[in-house]
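**Student:** Below is one structure. I have some questions about it.
Protein chains in written order, with our numbering: chain A, 1 to 260; chain B, 1001 to 1103.
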């Protein structure tokens, strides 16, 4: 057996490997559990490399050699280095900031169009706080959301429906004498918060794509001849969530001007 | 690993040959990960003529010291158990299962 230390070729993402494609369900569940635990991509790739190498030697499928993928991911993570990436929580915080800025900013656009000052009341602040808390907690519900998408999705939808109804009621009361006037012109708020949304979107895009070589799930094993389509695709995919809220903000602003 | 760098499948094979049964990957690799986390081994990936590659584990100085310490403790424990069994050996051999369970 001739062996040479170290694999010097460019790292290859695990999704391009034939072993991972052949055992897609097991490998996806394993990677997902480690991702939810904020384990860095290369560490996940190394753990999956151990599985692939071992299964190649024994001829067993991963389910026979390593059991349930989620249980094994928890077990191997408990015994591994506590190194973590911020990923999921940073994205959640940036998303929550964007949504809050969008809710207040689009309300300011409507007041700008109608020439009225922006007002708020306690109920509106309460609704904003609930929305922010729900968005910040999203990483906590990701696991049940992936395991039972319909049940968890319905619960989330119900929460947002209640908050939306409360917001509408609170907005209707915003013109009453109990409401407090924001001492800043609505135009300044609308434009300023749009800038904030853009800045947060840029940060989110950088978080999703920045230093991709640092956090991609790369395999330490000898690369297989495959086109690097996943790496080229990732930049475009990251644009969608990053641009979603600025686009919605802009659309609501334009519609308010056109139909306001 | 005391004999030099080795990899998971080879370790499982040696344990099986020594009569420890079929050690599954799900049991073996978390233990190796613990050794790695505690810096008792260093690892490196090597390519071979066949297969996608192997992760080799090599004992560090700390790992070798821990091995010596563990062996010493195991020999002491094993000797103590041996002496204990030898001292009570006759009683164990001549007792009935029911008398042992009621003891």
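Quick reminder that beta carbons are idealized off the backbone N, C-alpha and C, glycines included.
For the region 1018-1044 of chain B, which residues have a beta carbon sitting closer than 7 Å to at least one beta carbon of chain A?
**Tutor:** 1024, 1025, 1026, 1029, 1030, 1033, 1034, 1037 and 1044
**Student:** Looking at the strands, I want to know which residues DSSP matches up with residue 1041/B.
**Tutor:** The residue given as residue 1041/B occupies position 41 in the second chain. According to DSSP, residue 1041/B bridges with 1059/B.
**Student:** Residue 1052/B and residue 221/A: beta carbons closer than 8 Å?
**Tutor:** Walking along the second chain from the start, residue 1052/B turns up at place 52. Walking along the first chain from the start, residue 221/A turns up at place 221. Residue 1052/B places its beta carbon less than 8 Å from that of residue 221/A.
**Student:** Can you find at least 3 beta carbon pairs, one from the region 181-189 of chain A and one from the region 102-118 of chain A, that sit closer than 8 Å?
**Tutor:** yes
**Student:** Quick one: using the 10 Å Cβ neighbour count with 16 as the cut-off for buried, is residue 137/A buried or exposed?
**Tutor:** The residue you call residue 137/A lines up with position 137 of the first chain. Burial call: exposed.
**Student:** Can you list, in chain order, the residues of its chain whose CB lies under 8 Å from that of residue 48/A, leaving out five sequence neighbours each side?
**Tutor:** On the first chain, residue 48/A is found 48 positions in, with the first residue counted as 1. Same-chain partners within the cutoff: 14, 20, 27, 30, 31, 217 and 219.
**Student:** What did DSSP end up calling residue 229/A once you bin it into helix, strand or coil?
**Tutor:** Sequence index remark: in the first chain, residue 229/A carries index 229 (1-based). No answer about residue 229/A holds up, because its pLDDT of 49 lies below 50 and its placement is not dependable.
**Student:** Any residues in the region 31-58 of chain A with a beta carbon nearer than 9 Å to a beta carbon of chain B? Which ones, in chain order?
**Tutor:** 46, 47, 49, 50, 51, 52, 53, 54, 55, 56, 57 and 58
**Student:** Skipping 5 residues on each side, what residues in its chain have a beta carbon closer than 6 Å to that of residue 1005/B?
**Tutor:** The residue you call residue 1005/B lines up with position 5 of the second chain. Hits under 6 Å: 1056 and 1058.
**Student:** What does residue 220/A reach in chain B if we use C-beta pairs closer than 8 Å?
**Tutor:** In the first chain, the residue the question calls residue 220/A occupies position 220. By Cβ distance, chain B contributes 1045, 1053 and 1055.
**Student:** In chain order, what residues of the region 63-93 of chain A put their CB closer than 7 Å to some CB of chain B?
**Tutor:** 65, 66, 67, 72, 75, 76, 79, 80 and 81
**Student:** Quick one: list the residues of chain A neighbouring residue 1008/B, beta-carbon separation under 9 Å, in chain order.
**Tutor:** Along the second chain, read from residue 1 onward, the residue named residue 1008/B stands at position 8. Listed by position along chain A, the residues whose Cβ is nearer than 9 Å to that of residue 1008/B are 50, 53, 54 and 57.
**Student:** Drop a sphere of 10 angstroms on the beta-carbon of residue 77/A, count the other beta-carbons inside from all chains shown, and report buried for 16 or more, exposed for fewer.
**Tutor:** On the first chain, residue 77/A is found 77 positions in, with the first residue counted as 1. Buried, by the Cβ-count rule.
**Student:** Below 8 Å between beta carbons: does that hold for residue 197/A and residue 105/A?
**Tutor:** The sequence position of residue 197/A within the first chain is 197, counting from 1. The sequence position of residue 105/A within the first chain is 105, counting from 1. The answer is yes: Cβ separation under 8 Å.
**Student:** Could you give the C-beta distance for residue 51/A and residue 1025/B, rounded to a whole number, given that I count them as a contact under 8 Å?
**Tutor:** For the purposes of this step, residue 51/A is taken as residue 51 along the first chain, with counting starting at 1. For the purposes of this step, residue 1025/B is taken as residue 25 along the second chain, with counting starting at 1. Rounded, the Cβ-Cβ distance is 7 Å, consistent with contact.
**Student:** Please work out which residues of its chain come closer than 8 Å, Cβ to Cβ, to residue 224/A, disregarding the five sequence neighbours upstream and downstream, and give them in chain order.
**Tutor:** Locating residue 224/A in the first chain gives position 224, where the first residue counts as 1. 12, 16, 17 and 18, listed in sequence order.
**Student:** So what does DSSP say about residue 219/A, is it helix, strand or coil?
**Tutor:** In the first chain, residue 219/A corresponds to position 219, counting from 1. The answer is strand: DSSP assigns residue 219/A an E or B state.
**Student:** Using 8 Å as the threshold, is the C-beta distance between residue 1062/B and residue 1040/B below it?
**Tutor:** The count along the second chain starts at 1 and reaches residue 1062/B at position 62. The count along the second chain starts at 1 and reaches residue 1040/B at position 40. Yes, the pair counts as a contact, with Cβ atoms nearer than the cut-off.
**Student:** What would DSSP say about residue 181/A, mapped onto helix, strand or coil?
**Tutor:** Within the first chain, numbered from 1, the residue matching residue 181/A stands at position 181. Of the three classes helix, strand and coil, the one that applies to residue 181/A here is strand, per DSSP.
**Student:** Between residue 130/A and residue 163/A, what straight-line distance do the alpha-carbon atoms span, to the nearest angstrom?
**Tutor:** Here residue 130/A refers to the residue found at position 130 of the first chain. Here residue 163/A refers to the residue found at position 163 of the first chain. Rounded to whole angstroms, residue 130/A to residue 163/A spans 7 Å at the Cα level.
**Student:** Are there 16 or more other CB atoms within 10 angstroms of the CB of residue 240/A, so buried, or fewer, so exposed?
**Tutor:** On the first chain, residue 240/A is found 240 positions in, with the first residue counted as 1. Looking at its Cβ environment, which holds fewer than 16 other Cβ atoms inside 10 Å, residue 240/A is exposed.
**Student:** Relative to the C-alpha of residue 33/A, which residue among 71/A, 64/A and 58/A is closest?
**Tutor:** Against the first chain, residue 33/A aligns to sequence position 33. With distances taken between Cα atoms, residue 33/A lies closest to 71/A.
**Student:** With 16 as the cutoff for other CB atoms within 10 Å, does residue 45/A come out buried or exposed?
**Tutor:** Taking the first chain and counting its residues from 1, one reaches residue 45/A at position 45. Buried, since its Cβ has 16 or more Cβ neighbours within 10 Å.
**Student:** My output table needs one value for residue 323/A: the three-state DSSP class, helix, strand or coil.
**Tutor:** One cannot answer for residue 323/A here, as it falls past the ends of chain A, which runs 1 to 260.
**Student:** What residues are listed by DSSP as bridge partners for residue 1054/B?
**Tutor:** Locating residue 1054/B in the second chain gives position 54, counting from the first residue. Residue 1054/B is bridged to 1046/B.
**Student:** Can you list, in chain order, the residues of its chain with a C-beta nearer than 6 Å to that of residue 117/A? Leave out the 5 residues immediately preceding and following it.
**Tutor:** By one-based count along the first chain, residue 117/A stands at place 117. If we look at residue 117/A and ignore the five residues flanking it on each side, its Cβ neighbours are 181.
**Student:** CA-CA distance, residue 179/A and residue 168/A?
**Tutor:** Taking the first chain and counting its residues from 1, one reaches residue 179/A at position 179. Taking the first chain and counting its residues from 1, one reaches residue 168/A at position 168. If I take the Cα positions, the gap works out to 14 Å.
**Student:** Kindly indicate the opening and closing residues of the alpha helix (DSSP H) around residue 54/A.
**Tutor:** Working through the first chain from its first residue, we reach residue 54/A at position 54. 41-58 is the extent of the alpha helix (DSSP H) around residue 54/A.
**Student:** Roughly how many angstroms lie between the CA atoms of residue 41/A and residue 1088/B, to the nearest whole one?
**Tutor:** Looking up residue 41/A in the first chain gives position 41. Looking up residue 1088/B in the second chain gives position 88. C-alpha separation (whole angstroms): 57 Å.
**Student:** Please return the same chain residues whose Cβ sits closer than 7 Å to the Cβ of residue 242/A, not counting the five positions on each side in sequence.
**Tutor:** Counting from one through the first chain, the residue named residue 242/A turns up at place 242. Excluding residues within five positions, the ones whose Cβ falls inside 7 Å are 201, 204, 205 and 208.
**Student:** For residue 195/A, which option in 101/A, 257/A, 61/A and 75/A has the closest C-alpha, if you only look at C-alpha atoms?
**Tutor:** What you label residue 195/A is simply residue 195 of the first chain in a count that begins at 1. Considering only 101/A, 257/A, 61/A and 75/A, the residue with the shortest C-alpha distance to residue 195/A is 101/A.
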